[in-house]
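Note sheet for the following structure.
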Amino acid sequence: MTHTLAEPEVYQGQFGEFTITKGDRLGVVLYRAALMVAALCFDVGTGLVLGRGDDPTVLRWLSPLYTLFSLALGASLLLIHIYMKPLHRALQAFWLVGAIAAIAVAHLYPEPFVQSVYLHPQTLLGVGFTFAALTGIFFKEAFCFNRLETKLLTPLVPLLLLGHLAGVLSPGIESKLLLVWAILMLIFAVRKCVQAIPPDIGDKSVFEYLRQESQVAKSAKSAD
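In this note's numbering, the protein residues as written are 4 to 227.
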């Protein structure tokens, strides 16, 4: 990463001043590192599929790559800063459902995991939740930072997965969309590494305000 963990800095937020600490910066660095690991795993896996997807040895290598991709995505969802806590929790829940479904698919079908998902599109009804969580990250990044690659990835990911689930995309089109996805995701991860750190932390005064509002709401509900 290109940014060092500097001393605490004070910023003026919407609801008052807040401080960005070394811990805040470290959290962002780890978030970006997790995204990079996920992107590299996805890109290597995509390269193997498009280059030698019919090789049994390659297919076996895709399973550990997907596992590492999923774990890195889960880590990024723990570290990402999202103002709306229900949305944050929903994306984490999506990831968990997708991870459980992936474990089930890996044990229920005789083929290697990725081949099972490709040959049995109905498995995307469960595994697809992982990519719904990934799409949530792309949407958040597109909304907050106006990045072209995330604007393209937000519709591209569900288009490819739902198209494969419905059986309306030819293998050639699916391969092209997968390649575009891999390229854009790597661009996204690389650009995150060189982005200034404070914008990824966000306005901490907003997080504090929302936390206090939640506590007030809970207190009022308890009083009733």
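Even for Gly, the Cβ is constructed at its ideal location relative to N, Cα and C.
Treat the numbers as computed from the prediction; the structure is a model and nothing was measured.
Run of the alpha helix (DSSP H) containing residue 138, from where it starts to where it stops: Position 135 of the sequence shown, counting from 1, holds the residue named residue 138. Residue 138 -> alpha helix (DSSP H) spans 127 to 148.
Three-way DSSP call (helix, strand, coil) for residue 24 in this model: Counting from 1 along the sequence shown, the entry for residue 24 is found at position 21. Coil at residue 24, not helix or strand.
Could you work out which residue in 202, 114, 100 and 91 is closest to residue 62 when comparing CA atoms only? On the sequence shown, residue 62 is found 59 positions in, with the first residue counted as 1. Checked all of 202, 114, 100 and 91; the closest Cα to residue 62 is 114.
Cβ pair residue 204, residue 27 closer than 8 Å: Residue numbering aside, residue 204 sits at position 201 when the sequence shown is read from its first letter. Residue numbering aside, residue 27 sits at position 24 when the sequence shown is read from its first letter. Using a Cβ distance threshold of 8 Å, residue 204 and residue 27 count as a contacting pair.
Go ahead and label residue 22 buried or exposed: buried means 16 or more other beta carbons lie within 10 angstroms of its beta carbon, across all protein chains shown. Reading the sequence shown from its first residue, position 19 is the one you call residue 22. Around the CB of residue 22, fewer than 16 other CB atoms lie within 10 Å, so the residue is classed as exposed.
Within the continuous alpha helix (DSSP H) that includes residue 95, where are the two ends? As a position in the sequence shown, residue 95 is number 92, starting the count at 1. First-last of the alpha helix (DSSP H) with residue 95: 88 to 111.
Which first and last residues belong to the alpha helix (DSSP H) in which residue 204 is found? Position 201 of the sequence shown, counting from 1, holds the residue named residue 204. Note, residue 204: alpha helix (DSSP H), 201 to 204.
With 16 as the cutoff for other CB atoms within 10 Å, does residue 5 come out buried or exposed? Counting from 1 along the sequence shown, the entry for residue 5 is found at position 2. Confidence in residue 5 is poor, its pLDDT being 41 and thus under 50, which makes the residue's placement unreliable; the coordinate value appears in the next sentence. The residue is exposed, with fewer than 16 neighbouring Cβ atoms inside 10 Å.
Excluding five sequence neighbours on each side, which residues of the same chain lie with their C-beta closer than 7 Å to the C-beta of residue 155? On the sequence shown, position 152 is the one that residue 155 refers to. Around residue 155: 187.
Are the stretch 107 to 124 and the stretch 80 to 91 touching, with three or more C-beta to C-beta distances below 8 Å? Judged by Cβ distances under 8 Å, the stretch 107 to 124 makes no contact with the stretch 80 to 91, as fewer than three pairs qualify.
Determine the DSSP secondary structure at residue 31, reduced to helix, strand or coil. Within the sequence shown, residue 31 is the residue found at index 28, counting from 1. Note: residue 31 maps to helix in three-state DSSP.
Using 8 Å as the threshold, is the C-beta distance between residue 145 and residue 133 below it? Position 142 of the sequence shown, counting from 1, holds the residue named residue 145. Position 130 of the sequence shown, counting from 1, holds the residue named residue 133. With a cutoff of 8 Å on beta-carbon distance, residue 145 and residue 133 are scored as not near each other.
For the alpha helix (DSSP H) that residue 166 lies in, which residues bound it at each end? For the purposes of this step, residue 166 is identified with residue 163 of the sequence shown, where counting begins at 1. Segment 151 to 169, the alpha helix (DSSP H) holding residue 166.
For residue 189 and residue 76, I'd like the C-alpha separation in whole angstroms. One-based indexing of the sequence shown puts residue 189 at position 186. One-based indexing of the sequence shown puts residue 76 at position 73. In this model, residue 189 and residue 76 are separated by some 14 Å (Cα to Cα).
Simplified DSSP assignment, three categories, for residue 47: Reading the sequence shown from its first residue, position 44 is the one you call residue 47. The three-state secondary structure of residue 47, taken from DSSP, is helix.
Strictly by DSSP, which residues pair up with residue 13? As a position in the sequence shown, residue 13 is number 10, starting the count at 1. 22, per the DSSP bridge assignment.
Use the C-beta contact count for residue 50: other C-beta atoms within 10 angstroms, 16 or more gives buried, fewer gives exposed. In the sequence shown, the residue the question calls residue 50 occupies position 47. By the Cβ-count criterion, residue 50 is exposed, with fewer than 16 other Cβ atoms from all chains shown falling within 10 Å of its own Cβ.
Span separating the alpha-carbon of residue 65 from that of residue 45: Walking along the sequence shown from the start, residue 65 turns up at place 62. Walking along the sequence shown from the start, residue 45 turns up at place 42. Residue 65 and residue 45 have their C-alpha atoms spaced approximately 9 Å apart.
So does the stretch 176 to 186 actually touch the stretch 24 to 41, counting three or more Cβ pairs closer than 8 Å? Result no; under three Cβ-Cβ pairs closer than 8 Å.
Between residue 78 and residue 37, which are expected to be in contact by the criterion C-beta below 8 Å, what is the C-beta distance as a whole number of angstroms? The sequence position of residue 78 within the sequence shown is 75, counting from 1. The sequence position of residue 37 within the sequence shown is 34, counting from 1. Yes, residue 78 and residue 37 are in contact; Cβ-Cβ is about 4 Å, under 8 Å.
CA-CA distance, residue 137 and residue 192? Here residue 137 corresponds to residue number 134 of the sequence shown, with the count starting at 1. Here residue 192 corresponds to residue number 189 of the sequence shown, with the count starting at 1. Distance between residue 137 and residue 192, taken at the CA atoms: about 13 Å.
Please classify residue 115: does DSSP put it in a helix, a strand, or coil? Here residue 115 refers to the residue found at position 112 of the sequence shown. Three-state result, residue 115: coil.
With distances taken between CB atoms, is the gap from residue 228 to residue 69 smaller than 8 Å? As shown, the chain starts at 4 and ends at 227. That puts residue 228 outside it, with no answer to give.
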